[in-house]
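Asks: Mind having a look at this structure? Questions to follow.
Protein chains: 2
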Amino acid sequence: MELSSHTETPSETSPDSGALSGTDERQAVRLWLRLLGCTHRLEQALGQRLRRGFGTSLARFDYLAQLQHYPDGLRMKTLSRRLMVTGGNITGLTDQLLADGFVTREVDAKDRRSHIVRITPLGLATFECMAVAHRQWVGSLLAGVPEGDRRLLHHLLGGLAQSLDNLPAE
Amino acid sequence: MELSSHTETPSETSPDSGALSGTDERQAVRLWLRLLGCTHRLEQALGQRLRRGFGTSLARFDYLAQLQHYPDGLRMKTLSRRLMVTGGNITGLTDQLLADGFVTREVDAKDRRSHIVRITPLGLATFECMAVAHRQWVGSLLAGVPEGDRRLLHHLLGGLAQSLDNLPAE
DNA sequence: TATTGTTATACTCTATAACTATA
DNA sequence: TATAGTTATAGAGTATAACAATA
């Protein structure tokens, strides 16, 4: 194609270490800025609706969304990894949700350092209510993108996510 | 195709108001979660590097990135709109950058309510130094995605951004 | 009256580091 | 020694509302 005015083979520049040409770096930045812009706008819109509609936050919503898939509960350390957040924050979020009666926290019998957090029936019911609204909000926010494009985006972002998994672990 | 088990024509459900079928809503949520995950991971990686390498934040970096394109400066209100942040925050960010000597702030002669913020030579030099590093970081973080996929992503996200522009203004 | 920006306040999310208790 | 979680602290980002100056 006509794209390749600058396509020295990557293997020449760097076998596998992941350096791009200057041109490609600039293109990568443009992609990143667009990714960031879209995400921030959606995040603000959803965060605002979540706050106004349910008095909650995206972080708490995501927390419950994780927990909801595990009726037997999750260890806080696992949640920390899943939500990509350090341990101290999980303690704080857990305290809030505990106060709301949305989760329980108990010591793991097998490893008494660990605590298991479980979602309560009230938490589950509340989450499901929020999830319905959330689903409709997301649907209406993304309705302007054709179905095929959404599907393609999902696929391509899957590739990005995977390539982020395989990074040299900083 | 096999996708269409649930494809009532959108015009039936809603002519233009943007409601999706339940199936499409769920697919939209999956897309949104993937978008959010990728962005957060990149944002954390870049934010961390920016903090450790330059003692600054993404917000300040973005602020300078905007300003850098306008040697004649920008009004704070304009920055507020561009950075999608409320006015009070712009005041705070401006104060910080002012203290660093990276920007100047003066009253607009034509509208004395307004203030014009300009980037200083020091601010510009500093920004350009950070921008080089930033570009390389982004390049290496996205290097695992094939060039064609990056290009396609950029294109599709442009469509998303545009469709977000055309939303019913919440 | 409406707009620009400032100030003050508060809340959420986050990281870090020191700490306890278990392993 | 290493790990799980807590606590305390700090800082970034944000929203809101009251306010001053100007339009």
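Sequence order for the protein chains is A and B.
The first sequence lines up with residues 10 to 179 when you count with my numbering.
The second sequence lines up with residues 10 to 179 when you count with my numbering.
Glycine included, every Cβ here is placed at the ideal spot set by N, Cα and C.
Along chain B, which residues have their Cβ under 7 angstroms away from the Cβ of SER172(A)?
Replies: The count along the first sequence starts at 1 and reaches residue 172(A) at position 163. Those are GLY153, VAL154, listed as they occur along chain B.
Asks: According to the neighbour-count rule (16 or more other Cβ atoms, all chains shown, within 10 Å of its Cβ), is GLY132(A) buried or exposed?
Replies: Position 123 of the first sequence, counting from 1, holds the residue named residue 132(A). Buried: at least 16 other Cβ atoms inside 10 Å.
Asks: Along the alpha helix (DSSP H) that carries THR100(A), what are the first and last residues, could you check?
Replies: On the first sequence, residue 100(A) is found 91 positions in, with the first residue counted as 1. Here the alpha helix (DSSP H) through THR100(A) covers 96 to 109.
Asks: For GLY148(B), does the count of other Cβ atoms within 10 angstroms reach 16, so buried, or fall short, so exposed?
Replies: The residue given as residue 148(B) occupies position 139 in the second sequence. Label assigned to GLY148(B): buried.
Asks: Taking a cut of 9 angstroms between CB atoms, which residues from the stretch 38 to 70 of chain A lie near chain B?
Replies: The residues in question are VAL38, ARG39, LEU40, TRP41, LEU42, ARG43, LEU44, LEU45, GLY46, CYS47, THR48, HIS49, ARG50, LEU51, GLU52, GLN53, ALA54, LEU55, GLN57, ARG58, LEU67.
Asks: Run through DSSP, which three-state label would LEU176(B) get?
Replies: Along the second sequence, read from residue 1 onward, the residue named residue 176(B) stands at position 167. Looking at LEU176(B) - three-state DSSP - the assignment turns out to be coil, as it is neither helix nor strand.
Asks: If you measure from the beta carbon of VAL112(B) to each beta carbon in chain A, is any gap under 8 angstroms?
Replies: The count along the second sequence starts at 1 and reaches residue 112(B) at position 103. No, its Cβ sits nowhere closer than 8 angstroms to a Cβ of chain A.
Asks: Thinking C-beta only, is LEU45(B) closer than 8 angstroms to LEU162(A)?
Replies: On the first sequence, position 153 is the one that residue 162(A) refers to. On the second sequence, position 36 is the one that residue 45(B) refers to. No; because the gap between Cβ atoms is not below 8 angstroms, this pair is not in contact.
Asks: Would ASN98(B) pass as an interface residue toward chain A - the criterion being a Cβ-Cβ separation below 8 angstroms?
Replies: Taking the first residue of the second sequence as position 1, residue 98(B) is located at position 89. Answer no: the Cβ-Cβ gap between ASN98(B) and chain A never drops below 8 angstroms.
Asks: VAL126(A) lies in the beta strand (DSSP E); which residues open and close that run?
Replies: On the first sequence, residue 126(A) is found 117 positions in, with the first residue counted as 1. First-last of the beta strand (DSSP E) with VAL126(A): 124 to 128.
Asks: Can you check whether the CB of ARG160(B) is closer than 8 angstroms to the CB of ARG9(A)?
Replies: As shown, chain A starts at 10 and ends at 179. That puts residue 9(A) outside it, with no answer to give.
Asks: Please classify VAL112(A) as buried or exposed, where buried requires at least 16 other C-beta atoms within 10 Å of its C-beta.
Replies: Position 103 of the first sequence, counted from the start, is the residue given in the question as residue 112(A). Classification of VAL112(A): buried, given that the 10 Å Cβ count is 16 or more.
Asks: Using a beta-carbon distance below 8 angstroms, is GLU137(A) in contact with chain B?
Replies: Walking along the first sequence from the start, residue 137(A) turns up at place 128. So no, GLU137(A) is outside the interface.
Asks: DSSP beta-bridge partners for LEU83(B)?
Replies: Here residue 83(B) refers to the residue found at position 74 when the second sequence is read from its first residue. DSSP lists VAL126(B) as partners of LEU83(B).
Asks: Going by DSSP in three states, ARG144(A) sits in which element: helix, strand or coil?
Replies: If you number the first sequence from 1, residue 144(A) lands on position 135. Helix at ARG144(A).
Asks: Does the separation of the CB atoms of LEU92(A) and TYR72(A) fall below 8 angstroms?
Replies: Indexing the first sequence from 1 puts residue 92(A) at position 83. Indexing the first sequence from 1 puts residue 72(A) at position 63. Going by C-beta atoms, LEU92(A) is nearer than 8 angstroms to TYR72(A).
Asks: Buried or exposed: HIS78(A), going by 16 or more other Cβ atoms within 10 Å of its Cβ?
Replies: Within the first sequence, residue 78(A) is the residue found at index 69, counting from 1. The residue in question, HIS78(A), is exposed, as its Cβ has fewer than 16 Cβ neighbours within 10 Å.
Asks: Assuming contact is defined by CB atoms lying nearer than 8 angstroms, are ALA170(A) and CYS47(B) in contact in what I supplied?
Replies: Position 161 of the first sequence holds residue 170(A). Position 38 of the second sequence holds residue 47(B). Contact flag set, yes.
Asks: Give the DSSP-derived three-state secondary structure of LEU165(B) in the structure shown.
Replies: On the second sequence, position 156 is the one that residue 165(B) refers to. Helix.
Asks: For THR103(B), does the count of other Cβ atoms within 10 angstroms reach 16, so buried, or fall short, so exposed?
Replies: For the purposes of this step, residue 103(B) is taken as the residue at position 94 of the second sequence. The residue is buried, with at least 16 neighbouring Cβ atoms inside 10 Å.
Asks: Give, in chain order, every unbroken run of the alpha helix (DSSP H) that is at least 4 residues long and sits entirely within the stretch 27 to 79 of chain A.
Replies: Runs of the alpha helix (DSSP H) inside the stretch 27 to 79 of chain A: 31 to 63, 67 to 77.
Asks: Buried or exposed, going by whether 16 or more other CB atoms sit within 10 Å of the CB of ASP33(B)?
Replies: Here residue 33(B) is taken as the residue at index 24 of the second sequence, counted from 1. Classification for ASP33(B): buried.
Asks: Which bits of chain A does GLN145(B) rub up against, with CB to CB less than 7 angstroms?
Replies: If you number the second sequence from 1, residue 145(B) lands on position 136. Residues of chain A passing the Cβ test: GLU34.
Asks: Using Cβ-Cβ distances below 9 angstroms, what residues of the stretch 73 to 84 of chain B are close to chain A?
Replies: Cβ contacts with chain A come from ALA74.
Asks: Which stretch, first to last residue, makes up the beta strand (DSSP E) that contains ARG114(B)?
Replies: For the purposes of this step, residue 114(B) is taken as residue 105 along the second sequence, with counting starting at 1. From DSSP, the beta strand (DSSP E) with ARG114(B) extends over 112 to 116.
Asks: Using a Cβ-Cβ cut-off of 8 angstroms, state whether HIS163(B) counts as contacting chain A.
Replies: The residue labelled residue 163(B) in the question sits at position 154 within the second sequence. So yes, HIS163(B) belongs to the interface.
Asks: Is SER89(B) close to chain A, meaning its C-beta is less than 8 angstroms from at least one C-beta of that chain?
Replies: Taking the first residue of the second sequence as position 1, residue 89(B) is located at position 80. So no, SER89(B) is outside the interface.
Asks: Please state the DSSP three-state secondary structure of THR18(A).
Replies: Residue mapping note: residue 18(A) aligns to position 9 of the first sequence, counting from 1. A caution first: THR18(A) carries a pLDDT of 42, below 50, which makes its placement in the model unreliable, though a value can still be read off. It is coil, neither helix nor strand.
Asks: Using a Cβ cut-off of 9 angstroms, pull out every chain B residue sitting near ALA142(A), in sequence order please.
Replies: Indexing the first sequence from 1 puts residue 142(A) at position 133. The contacting residues do not exist; ALA142(A) stays about 11 angstroms from chain B at best.
Asks: Could you give the C-beta distance for SER66(A) and LEU59(A), rounded to a whole number, given that I count them as a contact under 8 angstroms?
Replies: If you number the first sequence from 1, residue 66(A) lands on position 57. If you number the first sequence from 1, residue 59(A) lands on position 50. Between LEU59(A) and SER66(A) the Cβ distance is about 7 angstroms, and since that is below 8 angstroms, they are a contact.
Asks: Is it buried or exposed, GLY82(A), if we count other Cβ atoms within 10 angstroms and call 16 or more buried?
Replies: For this step, residue 82(A) is matched to residue 73 along the first sequence. The residue is buried, with at least 16 neighbouring Cβ atoms inside 10 Å.
Asks: Have a look at LYS86(A) and ALA108(A) and give me their C-alpha separation to the nearest angstrom.
Replies: Within the first sequence, residue 86(A) is the residue found at index 77, counting from 1. Within the first sequence, residue 108(A) is the residue found at index 99, counting from 1. Their Cα atoms are separated by approximately 20 angstroms.
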